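Engineer: Before I ask anything, here is the structure I am working with.
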Amino acid sequence: MIFLLLINLFLPDTSFVQIPAGDYWVGAKGHALNPAREVHVDAYAIGATEVTNQQFAEFVAVTHYFTDAERLHNAMVFEPGLKEFRWLEDSTACWRYPNGVSRGGIDDKMQHPVTTISYNDVQAYCEWAKVRLPSFEEWEIASRAGARTTYFWGEDSRKISRYANIWNGHDHLEADNSDGYMYTAPVASFQPNRWGLYDMYGNVFEFCEGHLKEEKTVHARGGSWWCSQHSCHYFNSVDIGRVHRRASFSNQGFRVVRK
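First residue of the sequence shown: 5, per the working numbering; consecutive thereafter.
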């Protein structure tokens, strides 16, 4: 017990950050899915980090929940050597083995964000933990931290390495761990934005609530460890990704808002 308490003293801050009610600018001029506009939101508290393997394990231990990937055996994983935007279906992959059994489990990665989970799995966790996903606007406001630029520091994407775990290679044909991580990084491994929120860009795509126009798919934001300057490039405060509600990818996770 003493050992666990000592560990907790050195874990990153996973508390909630309070965002005040008010009018905020979101979107970007000319963006087809996310045009520039002013929105009003009520006050909310959003997680300083993404939900971790440890937190998800606690949920599973109590509820005995089985994820979509564990039941459907349809998870999509990645390994270096694949062409751009290509993934492998691995029947062994699930949140315990995010990139498949052959690529190792999470025993030494409990402070990494949980991945290889579906939108349905996230909803089950949120119901148990009495939290919810952020809306598109809540996520974006938190990611911008008061800025109106593409990134919370401005427009220069080359500064991303200070704040986000992304893929730094030119392509995905060879492994890239130049920032210390080829896949996910422990939460809060990089610098936060000025509101104290970590990994708003990179590490894992984060599910959000809401639909765009007539679309009925699930959406996610912020990019992931797979995204690079040459592929995906969704590690910003503007773009919005799409994913099937039962799909499970090893670069997909979430953060929550307290009810």
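We put the CB at the ideal spot given by N, CA and C, even for glycine. These numbers were taken from a predicted model, which means no experiment stands behind them.
(1) Under the assumption that A168 contacts F253 (Cβ atoms under 8 Å), give the Cβ distance between them as a whole number of angstroms.
(2) The beta strand (DSSP E) spanning Q195 covers which residue range?
(3) Check whether chain B comes within 8 Å of R162, counting only Cβ atoms and requiring the distance to be less than that.
(4) In chain order, what residues of the same chain lie with their CB nearer than 6 Å to the CB of L10, ignoring the 5 residues before and after it?
(5) Assuming F194 and Y202 form a contact by the criterion Cβ under 8 Å, report the distance between their Cβ atoms to the nearest whole angstrom.
(6) Verify whether the separation of the beta carbon atoms of E159 and V30 is less than 8 Å.
(7) Please work out which residues of its chain come closer than 7 Å, Cβ to Cβ, to G109, disregarding the five sequence neighbours upstream and downstream, and give them in chain order.
(8) What beta strand (DSSP E) runs, 3 residues minimum, are completely inside the region 98 to 183?
(9) Please classify Q22: does DSSP put it in a helix, a strand, or coil?
(10) Could you tell me the boundaries of the beta strand (DSSP E) in which A224 lies?
(11) Should A79 go down as buried or exposed, given a rule of 16 or more other Cβ atoms within 10 Å for buried?
(12) Quick test of the definition: if touching needs 3 or more C-beta pairs under 8 Å, does the region 242 to 256 touch the region 171 to 182?
(13) Using the DSSP secondary-structure output, state which residues sit across from M80 in a beta bridge.
(14) Quick check: the region 121 to 141 against the region 60 to 69, are there 3 or more CB pairs under 8 Å?
(15) Can you list, in chain order, the residues of its chain whose CB lies under 7 Å from that of T56, leaving out five sequence neighbours each side?
(16) Return yes when the Cβ of T120 is within less than 8 Å of the Cβ of C98, no when it is not.
Structural biologist: With the structure as the only source:
(1) Contact doesn't hold; Cβ gap of about 18 Å is too wide.
(2) From DSSP, Q195 is part of no beta strand (DSSP E); its letter is neither H nor E.
(3) Among the chains in the structure shown there is no chain B, since it carries only a single protein chain.
(4) Note on L10: pLDDT 35, under 50, position unreliable in the model; the coordinate value appears next. Contacts found: none.
(5) Between Y202 and F194 the Cβ distance is about 7 Å, and since that is below 8 Å, they are a contact.
(6) In this structure, E159 lies away from V30, with their beta-carbon atoms at least 8 Å apart.
(7) Leaving aside the five residues that flank G109 on each side, the residues in its chain whose CB is nearer than 7 Å to its CB run, in chain order, R100, Y101.
(8) Fully enclosed beta strand (DSSP E) runs of no fewer than 3 residues are not present anywhere in the region 98 to 183.
(9) Q22: strand per DSSP, three-state reduction.
(10) Its beta strand (DSSP E) spans residues 222 to 225.
(11) Here A79 is buried. Its C-beta has 16 or more other C-beta atoms within 10 Å.
(12) They do not touch, by the three-pair rule.
(13) Per DSSP, the beta bridge partners of M80 are E93, F253.
(14) Result yes; three or more Cβ-Cβ pairs closer than 8 Å.
(15) Result list for T56: M114, Q115, H116, P117, V118, V191, in chain order.
(16) In this structure, C98 sits near T120, with a CB-CB distance shorter than 8 Å.
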